[in-house]
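These notes are about the structure you will find just below.
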Amino acid sequence: MSSASRHAHPALHLLAKVALLALAAPLAANGQTPVADDAGAVPKPARVEITGSLIKRIDGEGALPVQTITREEIDKLGVTTAAELMGKLTASSNGLTDGASINVGGYDQKGFNSANLRGIGTSSTLVLLNGRRMANFASPGDDAGVDLNNIPAAAIRRVEVLLDGASALYGTDAIGGVINFITRSDFQGAELNAYGGATQEGGAGKTALSVAAGYGELGRQGFNVFGVLDFQRTESLRTSQRDFIKDLRVPERLPHLLSGYTSPANVVLTSEQLSVLQDQDFQIGDHVVSSPVINTSAPNCNPPATLYLPNGIGGADACTYDYMRDTELYPKSEKLSLLTRAAVDLGGSHQLYGELALSRAKTYYVGSAARASSRTELDYRLVPGLEDVGFDQIAWDPDEDDDPKLVGVHARLPEAGNRTSELTSTGLRFVLGLSGEAWGWDYDVGLNHSVNRVDDKDTHGYLLYDRLNEAIQNGDVDLFGLDPARNKAFYDTIQVNDTVRRSRGAMDSIDFKASRALATLAGGDLALGVGGEFRREETRYKPSDLYASDNINNDDVAGEIEPTRHSRKVAAAFAELVAPLTKEWTVQLAVRHDKYQGVGSTTNPKIGTMYQPIAELKLRGSAGTGFRAPSISDLYRPTVLSATSTLPDPVCMAENDNDLTYCAWNWETHRYSNPDLKPERSRQFSLGAVLQPSRQLSLSVDYWNIRRSDLISELGDDVILSQADKYADLIHRYRDPRNGNVDFIDTCGEEPDPEDSEICYIELRKENRGASKSSGLDIVVDWSGIKTAAGEFGVRLAGTYTLESKQQPGDGDPFVSNLGKFVTDGVVQRWRHQLSLDWTYGDFGATLSNTYYSGYEDQNSAIDTETGNVVGKNHVKAYSLWDVSGAWAIDKSLKLRAGIRNLFDTPPPFSNQAYYFISGYDPSYTDPRGRFFYASVQYNFK
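Note that my numbering gives residue 653 to position 3 of the sequence shown, counting from 1, and the numbers run on in steps of one.
Dropping the structure here:
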């Protein structure tokens, strides 16, 4: 029995005793008799359940900070998806988006749109639909969370965001907080919504159509059934469609982040081959070659994508490929969702209900054109301009690998087309529940079956590796741009069109919750809530036979890869006690016990309190602990082969006079899971105040503080390379003495080569390492109902000011701050806000809104090619977007709305970040679409 389990027993015994005491309490526990009205009916004050509490109450304000986003506010923002809405939530930072997902090859979580409260990780943000969990995004990867594409956006009635982390009620894995999407529950009639939008410069247009229909009135007819069907389509956006890409000046500012794989191909020479050329005064342009990387088409190269950049990755004697002129910024997507709900009144306040949610999101990712393998070699006589240089006269030892007749080739294959993937994420969720009141208890019990499936398909630009390599060796493919028609004809015969990876994640659960009043205290009812949950989680992963054979060019496999299937069981019990000790002071106590199969057990308490000395002021605070078990993907996912951004190897730089053409590359990475991971632990507390001096004006400020330990993380590749001596064991080189050791997996050859210091791959492995600290302020100012002769006005500001955000890479290491600074995979801006100005006049209304992110210190990975040092720091400018919309309610049935997003056509600010495939700006929070016009119509059939 684990230590955590032994400590859990007293808390469970106490919980059971409290429950038994409650069952024994008289039904009229409060000792008061409500007064009947003139008709003899006893009025019941409306009680509501808020996110963060089991107990319904008349006053929706509790001890925990909850932000609510209404359907009307969503319409005013002009967003149509749950993912877009999260971009407007100031407490959410560095989530996964479609733009940030653009990549090529075996990137494992393309298509995943996620929320990330407090910027501490998608895996630490709990997303609920109507208060219950959903299956996580199925593709195994670094992040575990709900794909927001599976949230039926048109069915959302409101969103409640619990900003206090580690919920004892929903799950202590919600260290960052809880986002509860609440859908319509009792709809009658029919409603049609149509939406259309287009960008000023073209591309990324959007159309959406939703139909909602419901029939039956629970109170009168005893039943209600309704459904919402939603379809959305977004067009792609290419780099060639945006002028701001040219204004970023990526080739001049970030030449090291581009690529040395070009068309015509760059040629990589040995030192002996370079000496032969220099002895012959062989020239590129107007000078004798001095670099081992050459291109006989230089300096003309092949614009607009293949350029001559002497300071670029290709060097002064070759060409550099600017993939930012040959890719997409925003993917084409199609989203279809259906939500249905039926409820039947069984009498006696009991209600049987069922929910069915179906969703399918198809996203089409288009990256740069394919490239040949990094180790491609061919006879130098097949290279235009090198036919007569005489490399075959170089003395050659057949026992050595370097055949003087062979030269290395770094080739781009434009005739094969851009690498294109089709990612399909489908969701299914079925809930059957029973709710009502019995023996003085409000209860709700439900069965939940939730599934997410992800199919990742290579559709174009990926070629059969064996046939491609054979054609290159035989000279049947021209890598130097002289016969593109022949190339295309051949590539068309070896195109891959295969669903290379299939994933399935499922969650089956049964849960219950119940609450009731126990007794009367000075401030009101002492109320108890209890609940429990049992769920089974399962993941399946199946590579295609073709993918597993490692025969897809540019979609590589790290070693053997087999289908996997893993599952685990999770059980939880929780309780909450709300005690209004006085009319001014209320205390909320909660405790949760979780048991994860294969991981262990934990008990986490939470306490919240609210003090209201006067009607206009509420003071609140909370404190608790959290526990996040490693996901199944963290524990067991297959090894993933990917690549870094173009980063320099300091060892190579020291050995080669800081020559970037040799030493900066997209180094191969192997990402490993770890079955020995322990859970993360957290401690958090919050303090806040709500001031409401009038019915029109409300102000709230909440301070939050989160501390985590035993972080489940991996070191960033930029961190590893920047401290190459410290993390030498994670940088596998061809000279590595571990090579050839039968006990050492994933070797870089049968035997080490002491003369070859080149990086073979970088090891990225999940570990429990270090700790993190985060704190900040959430500020909300709401001033509404300001009536004037010109109409009614309202102002709302919701902002997050982060005071601290830093992480310890390893135990005992100094903390590294990403507050106002891009580190490894993202930044947490110090200040983010959403400001809206509303106006209504009769049937007309308008909203002007502003989304703001403060500036920050960039990743600063640019390299001075003369010294090998990091160039001067870059400061990313603040990013501010203004949106405007207007509405006209023509009558009770018809409502029109039109608006402009990004009113001033503000482009993303320049960034030299090297984490995302996109270069020149940070795609995780910016919008490359530019000025966007939209209009919508809503018609109600009653």
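Note that CB positions come from ideal geometry on N, CA and C, so glycine has one too.
Residue i - containing alpha helix (DSSP H), residue span
i       : result
Arg1194 : The identity of residue 1194 in the sequence shown is Ser, whereas the question assumes Arg. Element bounds for Ser1194: n/a, residue is neither H nor E.
Met736  : Ala732 to Met736
Asn1119 : Tyr1115 to Asn1124
Ser999  : Note, Ser999: premise wrong, no alpha helix (DSSP H); not H, not E.
Residue closest to residue i, alpha-carbon to alpha-carbon, out of the options
i       : options                               : result
Trp1315 : Ala1439, Asn799 and Ala1293           : Ala1293
Val1351 : Ser1344, Tyr1451 and Arg892           : Tyr1451
Arg1388 : Ile1370, Glu1364 and Cys1410          : Cys1410
Val1057 : Leu979, Ala1496, Leu1063 and Tyr1030  : Tyr1030
Gly846  : Gln882, Ala1225 and Thr718            : Gln882
Thr793  : Glu1364, Phe894, Lys896 and Val1033   : Note on residue identity: the sequence assigns Asp, not Thr, to residue 793. The option with the nearest alpha carbon to Asp793 is Glu1364.
Val796  : Phe762, Ser1217 and Glu810            : Phe762
Pro1557 : Leu979, Asn1119 and Ala788            : Leu979
Ala1221 : Gly1179, Phe1465 and Tyr1246          : Tyr1246
Gly815  : Asp1367, Ala1439, Ser1272 and Phe876  : Ser1272
Ile1282 : Gly1338, His1099, Lys1416 and Asp1360 : Lys1416
Glu722  : Ile806, Ala765 and Arg1185            : Ile806
Leu904  : Gly1420, Ala1378, Leu1310 and Ala1585 : Leu1310
Ser1323 : Val1290, Ser1344 and Ala732           : Val1290
Leu1178 : Gly1090, Val917 and Leu919            : Gly1090
Gln877  : Asp893, Leu989, Glu734 and Gly1096    : With the sequence shown as reference, residue 877 is identified as Gly, and Gln is not the correct amino acid for it. Among Asp893, Leu989, Glu734 and Gly1096, the Cα nearest to that of Gly877 belongs to Leu989.
Asn766  : Arg1345, Thr1149, Val1241 and Leu735  : Leu735
Ile1211 : Arg1218, Asn1204 and Ser1199          : Ser1199
Whether residue i touches residue j by CB criterion (9 Å)
i       : j       : result
Val1101 : Ser1075 : no
Ser1594 : Glu1226 : Nothing can be reported for residue 1594: it is not among the residues displayed for the chain, which extend from 651 to 1592.
Ala785  : Ala862  : no
Leu739  : Val811  : yes
Leu1485 : Val1445 : yes
Ser1372 : Ser1422 : no
Tyr973  : Gly1017 : yes
Gly965  : Val938  : no
Ala1066 : Ala1019 : yes
Val1431 : Leu1447 : yes
Leu746  : Val777  : no
8 Å contact criterion, which residue i and residue j should meet: CB distance rounded
i       : j       : result
Asn1147 : Thr1109 : 6 Å
Leu908  : Gly962  : 6 Å
Pro1329 : Pro1280 : 7 Å
Asn1418 : Leu1285 : Incorrect: roughly 12 Å between the Cβ atoms, too far for contact.
Pro802  : Ala1007 : 6 Å
Thr775  : Gly827  : 6 Å
Val1059 : Leu1036 : So it is not a contact: roughly 11 Å between Cβ atoms.
Asn1119 : Ser1023 : 7 Å
Nonlocal neighbours in the same chain, by C-beta distance under 6 Å from residue i, ignoring five residues either side
i       : result
Arg1333 : Thr1275 and Arg1357
Ala1223 : Gly1182 and His1243
Leu1414 : Thr1319, Arg1321 and Glu1364
Phe1591 : Gly839 and Ala840
Ala1593 : What is shown of the chain runs 651 to 1592, which leaves residue 1593 out entirely.
Asn1098 : Arg782, Val1081 and Ser1159
His1382 : Cys1398, Cys1410 and Tyr1411
Pro1573 : Gly749, Ala750 and Tyr1566
Asp1053 : none
Asn874  : Asp836, Gly866, Leu868 and Ala993
Chain-order list of residues whose beta-carbon lies under 8 Å from that of residue i (same chain, five-residue window excluded)
i       : result
Asn952  : Thr912, Ser913, Pro914, Cys969 and Gly1131
Asn1552 : Leu1531, Trp1532, Asp1533, Asp1577, Arg1579, Gly1580, Arg1581 and Phe1582
Asp897  : Pro1557
Lys1523 : Glu1507, Asp1508 and Asn1510
Lys1107 : Ser1071, Glu1072, Leu1073, Thr1074, Asn1147, Asp1148, Thr1149 and Val1150
Endpoints, beta strand (DSSP E) assigned at residue i
i       : result
Arg1278 : Leu1267 to Arg1278
Ala1208 : Neither: Ala1208 is in no beta strand (DSSP E) and is coded neither H nor E.
Glu810  : Ile806 to Leu812
Cys1410 : Ile1409 to Arg1415
Ser1535 : Tyr1529 to Ala1539
Own chain partners of residue i with C-beta closer than 7 Å, once the 5 adjacent residues on each side are dropped
i       : result
Val1587 : Ala844 and Leu1546
Glu885  : Gly853, Ala854, Gly855 and Lys982
Ala1121 : Val1127 and Phe1140
Residue i: CB within 8 Å of a non-hydrogen atom of the ligand GDP
i       : result
Leu1231 : Of ligands this structure carries none, so the ligand GDP is not represented either.
Cβ of residue i within 9 Å of any chain C Cβ
i       : result
Val1587 : In the displayed structure, chain C is absent; only one protein chain is listed.
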